[in-house]
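These notes concern the structure reproduced below.
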Amino acid sequence: MIREKVLLVFINFENFRNNTTKKQRHLKTVNENIEELKNLTISAGADVEEILCHKQNKPNPKYFISTGKLEEIKNIVDNKEIELVIFNNEITPTQQRNLQLKLDTKVLDRTALILDIFAQRAHSREG
1 MIREKVLLVF INFENFRNNT TKKQRHLKTV NENIEELKNL TISAGADVEE
51 ILCHKQNKPN PKYFISTGKL EEIKNIVDNK EIELVIFNNE ITPTQQRNLQ
101 LKLDTKVLDR TALILDIFAQ RAHSREG
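Throughout the sequence shown, residue numbering follows UniProt numbering, covering 1 to 127 in sequence.
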């Protein structure tokens, strides 16, 4: 059984200038979120090839991420033969479609990944 190669993407929209305590708490939360999403991805039957973290002021309405970051992700997808990109953040169906067209690969957010895991488990239990 060949497992899908996955890129995990974490986008942070919060601003933590000049507050070391908040930065430290935030870093711990980010690390916990990364570990949790890695475990969910493995539970879904895929392999995490790369993890990308990025800070951004606000979501891009079309792609959720900035066009520069989109190009960086496209390069990773092409160079590492990534088959699935999973965003830790919630993205709209339109953003998902736009990302899939631009990246030429499947794109999910955290919620869709969890639903996919439930669907796999429900299907396997039915027989």
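We treat Cβ as the ideally placed atom computed from N, Cα and C, and that holds for glycine.
Keep in mind it's a predicted model, so treat the numbers as computed, not measured.
- Rounded to the nearest whole angstrom, the CA to CA distance from residue 46 to residue 32 is 19 Å.
- Ranked by Cα distance from residue 50, the first of 29, 85 and 108 is 85.
- Taking a C-beta distance under 9 Å as the contact criterion, residue 41 and residue 113 qualify as a contact pair.
- Measuring C-alpha to C-alpha distances from residue 5 to each of 106, 68 and 101 identifies 106 as the nearest.
- For residue 12, the enclosing beta strand (DSSP E) stretches over residues 4-12.
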